[in-house]
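Comments concern the structure below.
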Amino acid sequence: MGSPAPRPVQPWEIESAINPHTAAIYWPVMEEAEGKTVGLAETVAVAHRHAVPVIVDASAALPPTGNLRAFIAAGADLVAYSGGKALRGPQASGLLTGRRDLIQSVALQHQDMDVHPVTWSLRAQWLDTGILPGPPLQGIGRSLKVGKEEIVGLLTALRPFLARDEVAEHADWLAQSRAITEALFNVPGLQCDIVENAQGIPLTRVKWDEARLRLHGAELVNALAEGDPSIGVGGDGAGGMITLNPFSLAPGQAQLVAQRLRELLTSASA
Ligand SMILES: *Cc1c(COP(=O)(O)O)cnc(C)c1O
550 MGSPAPRPVQ PWEIESAINP HTAAIYWPVM EEAEGKTVGL AETVAVAHRH AVPVIVDASA
610 ALPPTGNLRA FIAAGADLVA YSGGKALRGP QASGLLTGRR DLIQSVALQH QDMDVHPVTW
670 SLRAQWLDTG ILPGPPLQGI GRSLKVGKEE IVGLLTALRP FLARDEVAEH ADWLAQSRAI
730 TEALFNVPGL QCDIVENAQG IPLTRVKWDE ARLRLHGAEL VNALAEGDPS IGVGGDGAGG
790 MITLNPFSLA PGQAQLVAQR LRELLTSASA
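Here it is as structure tokens:
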């Protein structure tokens, strides 16, 4: 935190941090980290030289749907996605994809291990194979176990997510963002443009002259959040800039957002 790093993290720095206790390398998908840290392919190359798996935190990396396979294709061993963000499934669910043996080991971590070795239902897989000498005690995942409601809920949410028409969806987002931009084009001291984020979602970027419109960034963000309906934006308004993500807007709501923004941005300076 604080001052920016003087240079990006180098692959050798990851390599030199690996020791016999290293279980895995964590690689978060973060737009802000791009160019500041080691890319996934290079991280995988370093990790695999030492037989260490790479876990990708792709919680917020959907859409696009292609990201359900892209990180595995790039060499990652395990990839985790939030079930409660773009998948719109249960908030306490998530999706883990990747190497079968690692996923089995995750599953083992959340069993109730109050079992007898000779009758343990997983004995063929873990004991007869010689992988484990006996059933382990409750794993670290037991307190985080996934309920059957979450499992069924996530699978149910996955179907409509995969059935989306990505081209039509993008056109809808763009129309929402354009509607906001167009509704605000003639507010003096205000500029809007459309920028795509890493998910390929066209965001409206709103910049305004804080002094001229007599409205600080945080004041605008708070007023939007505290209004009815509450409007949540990207950023804290620093420097008179916010972004608006159309992802969860229903038809017609772009106009509502634009109207509220216009009200707030013109009333303080009037
Ligand atoms: C949201 C997020 C998480 C947490 O995911 P939940 O499904 O909310 O638990 C973890 N990592 C990153 C990078 C995220 O964006």
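In my numbering, the protein residues as written are 550 to 819.
We treat Cβ as the ideally placed atom computed from N, Cα and C, and that holds for glycine.
Where Gln559 falls, given that 16 or more other Cβ within 10 Å makes a residue buried: The residue given as residue 559 occupies position 10 in the sequence shown. Result: exposed.
Check: Pro612 C-beta below 8 Å from any heavy atom of ligand 1: By 1-based counting over the sequence shown, the position of residue 612 is 63. For ligand 1, not one heavy atom lies less than 8 Å from the Cβ of Pro612.
Limits of the alpha helix (DSSP H) - the one that Ile780 falls within: What you label residue 780 is simply residue 231 of the sequence shown in a count that begins at 1. No alpha helix (DSSP H) contains Ile780, which DSSP labels as neither H nor E.
Cα-Cα separation between Val605 and Ala656, rounded to whole angstroms: Looking up residue 605 in the sequence shown gives position 56. Looking up residue 656 in the sequence shown gives position 107. Each residue's alpha carbon lies about 18 Å from the other.
Alpha carbon of Gln725 to alpha carbon of Asn616, nearest angstrom: Taking the sequence shown and counting its residues from 1, one reaches residue 725 at position 176. Taking the sequence shown and counting its residues from 1, one reaches residue 616 at position 67. Whole-angstrom Cα-Cα distance: 24 Å.
Coil, strand or helix - Val770 by DSSP: In the sequence shown, the residue the question calls residue 770 occupies position 221. Residue state, collapsed to three classes: helix.
Continuous beta strand (DSSP E) stretch holding Glu580: start and end: As a working mapping, residue 580 is identified with position 31 in the sequence shown. Per DSSP, Glu580 belongs to no beta strand (DSSP E) and is neither H nor E.
Any non-hydrogen atom of ligand 1 within 8 Å of Ala609 CB: One-based indexing of the sequence shown puts residue 609 at position 60. It does: the Cβ of Ala609 is within 8 Å (strictly closer) of some heavy atom of ligand 1.
Three-way DSSP call (helix, strand, coil) for Ile843 in this model: This structure does not reach residue 843, given that the chain is present from 550 up to 819, and the question cannot be answered.
Heavy atom of ligand 1 within 8 Å of Ser692 beta-carbon: Here the question's residue 692 lines up with position 143 in the sequence shown. Ligand 1 has no heavy atom closer than 8 Å to the beta-carbon of Ser692.
Segment limits, beta strand (DSSP E) that includes Gly647: For the purposes of this step, residue 647 is identified with residue 98 of the sequence shown, where counting begins at 1. Residues 643-647.
Three or more C-beta pairs below 8 Å linking the region 655-669 and the region 679-688: Yes, the region 655-669 is in contact with the region 679-688.
Buried versus exposed, by CB contacts within 10 Å (16 or more), Thr678: As a first step, residue 678 must be located in the sequence shown, where it is residue number 129. The residue is exposed, with fewer than 16 neighbouring Cβ atoms inside 10 Å.
Closest Cα partner of His599 within the set Leu611, Ala572, Ser779, Leu814: Here residue 599 refers to the residue found at position 50 when the sequence shown is read from its first residue. Ranking the options by Cα distance to His599, first place goes to Ala572.
C-alpha distance - Gly540 paired with Glu731, whole-angstrom precision: Nothing can be reported for residue 540: it is not among the residues displayed for the chain, which extend from 550 to 819.
heavy atom of ligand 1 below 8 Å from Gly643 C-beta: For the purposes of this step, residue 643 is taken as the residue at position 94 of the sequence shown. Yes - ligand 1 has a heavy atom lying nearer than 8 Å to the Cβ of Gly643.
Beta bridge counterpart(s) of Ser654 as assigned by DSSP: Working through the sequence shown from its first residue, we reach residue 654 at position 105. Under the DSSP definition of a beta bridge, Ser654 lacks any partner.
First and last residue of the uninterrupted beta strand (DSSP E) at Val744: Locating residue 744 in the sequence shown gives position 195, counting from the first residue. From DSSP, the beta strand (DSSP E) with Val744 extends over 739-745.
For Thr592: DSSP bridge partner residues: One-based indexing of the sequence shown puts residue 592 at position 43. In the DSSP assignment, Thr592 is bridged to no other residue.
Beta-carbon separation (whole angstroms), Ala623 vs Ala673, contact threshold 8 Å: Translated into the one-based positions of the sequence shown, residue 623 becomes position 74. Translated into the one-based positions of the sequence shown, residue 673 becomes position 124. About 34 Å; that fails the 8 Å criterion.
Same chain only: Cβ atoms within 6 Å of Val744, ignoring 5 sequence neighbours per side: Here residue 744 corresponds to residue number 195 of the sequence shown, with the count starting at 1. Excluding sequence neighbours, Val744 sits near Leu752, Arg754.
Gly633: CB within 8 Å of a non-hydrogen atom of ligand 2: Annotation note on ligand 2: not contained in the displayed structure, which lists ligand 1 as its ligands.
Cβ-based burial, Tyr630 [other Cβ within 10 Å; buried from 16]: Within the sequence shown, the letter at position 81 stands for residue 630. By the Cβ neighbour-count rule, Tyr630 is buried, with 16 or more other Cβ atoms within 10 Å of its own.
Near ligand 1: Met662 beta-carbon under 8 Å from a heavy atom: The count along the sequence shown starts at 1 and reaches residue 662 at position 113. For Met662, the Cβ stays outside the 8 Å cut-off from all heavy atoms of ligand 1.
Residue environment, Trp561, which counts as buried when at least 16 other CB atoms sit within 10 Å: Position 12 of the sequence shown, counted from the start, is the residue given in the question as residue 561. Exposed is the call here.
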